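The next block holds one structure in the form of structure tokens; read it before the comments.
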Amino acid sequence: MVSKSIAFEVIENSGPNNLRDTLRTKLTKASEVFIAVAFVTEAGLDEIIQPLRQVASQGKVRLLTGLYQRVTEPKALKKLLRIQKETRGNFSVRLSREPKFHRKVFVLENRTRATAIVGSSNLTREGLRNGGELDMMVSLSPSSSSYKRLKKALEKDWNKRRARPLTSGQIERYESFRPDPVKQQSYPTGQLKIILGAEPIHEEATLKAEPINYWRDYITGFVKDRTERIINDHTNWDEKNYYWLSTYGPHAYKIGDRIFLYDFSTKRFELVGVKDITYTPISTPDGRHFIAFKNVGRHSRQFSISLWKEFERIGISKKEAHKTKMINDKIAKQLMGILNKKRSS
Numbered sequence: 198m199v200s201k202s203i204a205f206e207v208i209e210n211s212g213p214n215n216l217r218d219t220l221r222t223k224l225t226k227a228s229e230v231f232i233a234v235a236f237v238t239e240a241g242l243d244e245i246i247q248p249l250r251q252v253a254s255q256g257k258v259r260l261l262t263g264l265y266q267r268v269t270e271p272k273a274l275k276k277l278l279r280i281q282k283e284t285r286g287n288f289s290v291r292l293s294r295e296p297k298f299h300r301k302v303f304v305l306e307n308r309t310r311a312t313a314i315v316g317s318s319n320l321t322r323e324g325l326r327n328g329g330e331l332d333m334m335v336s337l338s339p340s341s342s343s344y345k346r347l348k349k350a351l352e353k354d355w356n357k358r359r360a361r362p363l364t365s366g367q368i369e370r371y372e373s374f375r376p377d378p379v380k381q382q383s384y385p386t387g388q389l390k391i392i393l394g395a396e397p398i399h400e401e402a403t404l405k406a407e408p409i410n411y412w413r414d415y416i417t418g419f420v421k422d423r424t425e426r427i428i429n430d431h432t433n434w435d436e437k438n439y440y441w442l443s444t445y446g447p448h449a450y451k452i453g454d455r456i457f458l459y460d461f462s463t464k465r466f467e468l469v470g471v472k473d474i475t476y477t478p479i480s481t482p483d484g485r486h487f488i489a490f491k492n493v494g495r496h497s498r499q500f501s502i503s504l505w506k507e508f509e510r511i512g513i514s515k516k517e518a519h520k521t522k523m524i525n526d527k528i529a530k531q532l533m534g535i536l537n538k539k540r541s542s
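Quick note on my numbering: the sequence shown kicks off at 198 and runs consecutively.
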């Protein structure tokens with residue numbers, strides 16, 4: 198007989214019923230997270246990294262993965278290692294010593310409720326949002342005997358007899374042994390059609406639209422050489438051709454936010470998107486809080502007298518432009534209109 202305090206749901210990655218959106222919603226209420234998955238890719242990690250960071254800022258996140266079939270990506274492990282350092286262990290990562298580690302478990306807990314998601318999904322983009330996956334989500338009390346048995350099994354997996362803390366040396370050695378790219382094992386659609394004698398059918402999730410936050414921010418100069426060296430050592434932003442800036446202190450930016458950027462060093466006004474966030478493990482001459490960004494389309498204009506007059510008409514003087522502010526949709530629309538306006542010849 199099943200207790201009424203236990204609830205079951207099936208996640209099929211079909212339409213709005215998908216693991217990505219489920220995790221994003223559940224993570225907002227979690228204070229402790231344990232993820233044990235066979236495979237982790239950078240694309241999959243990026244799907245839920247922001248809410249995982251949020252949990253780690255006040256609680257604890259543990260992620261256990263393995264090297265089975267060499268699917269886990271070194272670049273995903275590098276990102277995890279960086280976040281582990283940034284959070285001083287609040288987000289900790291280990292590699293299983295089991296050569297055929299094949300767990301697929303997501304456990305999220307707070308003081309009153311625990312959620313366990315067990316099934317076929319790994320921490321990959323396909324696992325979180327593509328058809329072909331099936332997961333069972335169980336919601337129950339953290340004090341229940343069933344949940345305690347699950348936690349006990351996961352704690353055994355996490356124990357240093359079965360798993361090792363992630364290090365840069367492990368990643369380097371793994372990278373040297375791992376072919377790039379790893380050969381894909383699935384059949385091409387044409388071959389699968391011949392085998393089945395019918396057209397293959399692939400389902401995908403209908404993902405929930407994420408609200409975009411808009412900001413105003415500014416740059417007045419360039420960072421020191423030492424800061425640049427630390428950022429290059431600590432991130433892969435140079436490899437990804439990201440621009441970046443120091444916020445000089447704690448900030449509320451999130452990955453995916455849009456910034457109307459006043460760049461006084463290059464005398465340009467442009468729209469950029471936040472791609473990554475970091476907190477350096479050591480101090481730099483320009484602080485420890487940094488965001489990486491890329492230009493959004495070709496939304497950019499050179500500073501000019503006429504451009505500043507347009508800003509002043511909506512209440513933004515040069516002095517006001519030297520402030521960091523979250524802005525509402527009305528102001529964002531006005532600034533976008535200014536960006537898109539053709540300059541008179």
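Glycine is no exception: its CB is placed at the ideal position from the N, C-alpha and C atoms.
Bear in mind the structure is a predicted one, so any value in this text is a computation, not a measurement.
One or two residues paired with residue i in a DSSP bridge
i: Tyr440; result: Phe490
i: Leu220; result: Answer by DSSP bridge pairing: none, since Leu220 is not bridged.
i: Asn214; result: Ser211
i: Ser289; result: Arg259
i: Met523; result: Trp412
i: Arg361; result: Leu292
Nearest-angstrom beta carbon gap, residue j and residue i [assumed within contact, 8 angstroms]
i: Ala406; j: Gly212; result: Contact flag wrong, Cβ pair sits at about 14 angstroms.
i: Ala518; j: Tyr459; result: 5 angstroms
i: Glu181; j: Ile488; result: Nothing about residue 181 can be reported from this structure: the residues present for the chain run from 198 to 542 only.
i: Pro339; j: Lys421; result: Wrong, their Cβ atoms sit about 48 angstroms apart, outside the cutoff.
i: Trp355; j: Arg285; result: Actually they are not in contact, since the Cβ atoms of Trp355 and Arg285 sit about 18 angstroms apart, beyond 8 angstroms.
Residue i and residue j closer than 7 angstroms at C-beta
i: Thr364; j: Thr432; result: no
i: Val546; j: Tyr450; result: Any property of residue 546 remains undetermined from this structure, which presents the chain solely from 198 to 542.
i: Phe205; j: Val335; result: yes
i: Gly241; j: Leu320; result: yes
i: Glu244; j: Leu325; result: yes
i: Glu467; j: Ser497; result: yes
i: Arg291; j: Pro362; result: yes
i: Leu504; j: Phe457; result: no
i: Tyr411; j: Ile524; result: yes
i: Gly484; j: Tyr445; result: yes
i: Lys275; j: Ile368; result: yes
i: Leu337; j: Ala311; result: yes
i: Arg455; j: Ile511; result: no
Contacting residues, own chain, Cβ-Cβ under 6 angstroms from residue i (five flanking each side not counted)
i: Val304; result: Phe231, Ala313
i: Val199; result: At Val199, the pLDDT of 47 sits below 50, so the modelled position is not reliable; the number obtained from the coordinates is stated separately. So the list is empty, once near-sequence residues are dropped.
i: Val379; result: Arg267
i: Ala273; result: Val237, Thr238, Glu239, Leu242
Closer than 6 angstroms: residue i CB and nearest the ligand ADP heavy atom
i: Gln281; result: The ligand ADP is absent from the structure shown, which contains no ligand whatsoever.
Residue i in three-state terms, based on DSSP
i: His496; result: strand
i: Val199; result: Caution is warranted here: a pLDDT of 47 is assigned to Val199, below 50, making its placement in the model unreliable, and the coordinate value is therefore given only provisionally. Here Val199 sits in coil by DSSP.
i: Val252; result: helix
i: Phe461; result: coil
i: Leu337; result: strand
i: Ser317; result: coil
i: Leu404; result: coil
i: Thr225; result: coil
i: Ala449; result: coil
i: Thr312; result: strand
i: Thr424; result: helix
i: Thr475; result: strand
i: Gly470; result: strand
i: Ile456; result: strand
i: Ala235; result: coil
Close-in-space but distant-in-sequence residues of the same chain around residue i (CB under 8 angstroms, 5 per side omitted)
i: Ser228; result: Val252, Gln255, Gly256, Lys257, Glu306, Asn307, Arg308
i: Pro478; result: Lys282, Glu283, His431
i: Pro271; result: Ile368, Tyr371, Glu372, Arg375
Beta-carbon proximity list for residue i, same chain, < 7 angstroms, skipping 5 on both sides
i: Glu396; result: Lys390
i: Val234; result: Thr262, Arg300, Lys301, Asn319, Leu320
i: Asn429; result: Asp435
i: Ser462; result: Ile416, Thr417, Gly418, Phe419
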